[in-house]
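**Student:** Quick one: the structure is below, and I'll ask about it shortly.
In the working numbering, the protein residues as written are 102 to 296.
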């Protein structure tokens, strides 16, 4: 199979947001996010990318079908709770590019697309004059009842790319877990690398 990875901005970015929403709902339903998503929430959340002049969606296409996507924005354009996590950290938000979600259908994993997602977003961040690239991951205990026995975290992949967890830089983000009745806050740990 041949997958094309393209960076999308402006109208091209806007055109794929519906497909990005569907991918987020499907992929983040699995561990460790356990996200019980809905399209109404997704429309509001993804408006961040439509509204930010510095945003990018890196799309992975199998023919015309979007099979994976990675998003990013200047940090000051993303959610308040994420920017607030950096208060007192010594980092200037205007120097940070936030690599938000990376979602890829299971059949396409292990082919280098994850690296292409980071390469494209980091290149976009450099073109914007950003000094740092960050992302965050959800923290869940290994004792969680839905933790799969065969789960392999991506920490090694991220470390090879030069990312490290930022001590004390976390944000609480709220969503509804699969099988739960109401949304709850989850702690998200930020990882950073210098560009």
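Using N, Cα and C, we set each Cβ at its ideal position, and we do this for glycine too.
Note that the structure is a prediction, hence the values are computed from the model and not measured.
Quick check: what's the CA-CA separation for residue 170 versus residue 191?
**Tutor:** In the chain shown, counting from the first residue as 1, residue 170 sits at position 69. In the chain shown, counting from the first residue as 1, residue 191 sits at position 90. Their Cα atoms are separated by approximately 31 Å.
**Student:** For the 8 Å Cβ check, are there 3 or more pairs between the segment 118-128 and the segment 175-187?
**Tutor:** Contact fails: fewer than three Cβ-Cβ distances are below 8 Å.
**Student:** Check for me: the beta strand (DSSP E) holding residue 260 runs from which residue to which?
**Tutor:** For the purposes of this step, residue 260 is taken as residue 159 along the chain shown, with counting starting at 1. Element bounds for residue 260: not the beta strand (DSSP E) but the alpha helix (DSSP H), 256-261.
**Student:** Taking C-beta to C-beta, are residue 176 and residue 239 nearer than 8 Å?
**Tutor:** Here residue 176 refers to the residue found at position 75 of the chain shown. Here residue 239 refers to the residue found at position 138 of the chain shown. No; because the gap between Cβ atoms is not below 8 Å, this pair is not in contact.
**Student:** Using 8 Å as the cut-off, can you tell me whether the segment 109-119 makes contact with the segment 154-171, which would need three or more C-beta pairs spanning the two stretches below that distance?
**Tutor:** Yes, they touch.
**Student:** Using CA coordinates, which residue listed in 268, 284, 243 and 121 is at the minimum distance from residue 133?
**Tutor:** Taking the first residue of the chain shown as position 1, residue 133 is located at position 32. Nearest of 268, 284, 243 and 121 to residue 133, Cα basis: 243.
**Student:** For residue 109, tell me which candidate among 137, 274 and 162 has the shortest Cα-Cα distance.
**Tutor:** What you label residue 109 is simply residue 8 of the chain shown in a count that begins at 1. Taking only the C-alpha atoms, the option nearest residue 109 is 162.
**Student:** Answer yes or no: do residue 106 and residue 214 have a C-beta to C-beta separation smaller than 8 Å?
**Tutor:** Locating residue 106 in the chain shown gives position 5, where the first residue counts as 1. Locating residue 214 in the chain shown gives position 113, where the first residue counts as 1. Their beta carbons are under 8 Å apart, which means residue 106 touches residue 214 by this criterion.
**Student:** How would you call residue 252, buried or exposed, if buried means at least 16 neighbouring beta carbons within 10 angstroms?
**Tutor:** The sequence position of residue 252 within the chain shown is 151, counting from 1. Exposed, because fewer than 16 other Cβ atoms sit within 10 Å of the Cβ of residue 252.
**Student:** Taking the alpha carbon of residue 249 as the point to measure from, which residue in 147, 135, 197 and 149 has its own alpha carbon closest?
**Tutor:** Here residue 249 is taken as the residue at index 148 of the chain shown, counted from 1. With distances taken between Cα atoms, residue 249 lies closest to 135.
**Student:** Residue 275 lies in the beta strand (DSSP E); which residues open and close that run?
**Tutor:** Position 174 of the chain shown, counted from the first residue, corresponds to residue 275. Looking at the DSSP string, the run of the beta strand (DSSP E) that includes residue 275 is 265-276.
**Student:** Enumerated in chain order, which unbroken segments of the beta strand (DSSP E) with a length of 3 residues or greater are wholly contained in the segment 169-251?
**Tutor:** Fully enclosed beta strand (DSSP E) runs of 3 or longer: 197-205 and 233-239.
**Student:** Can you look up residue 281 in the DSSP assignment and give me helix, strand or coil?
**Tutor:** If you number the chain shown from 1, residue 281 lands on position 180. Residue 281 falls in the coil class under three-state DSSP.
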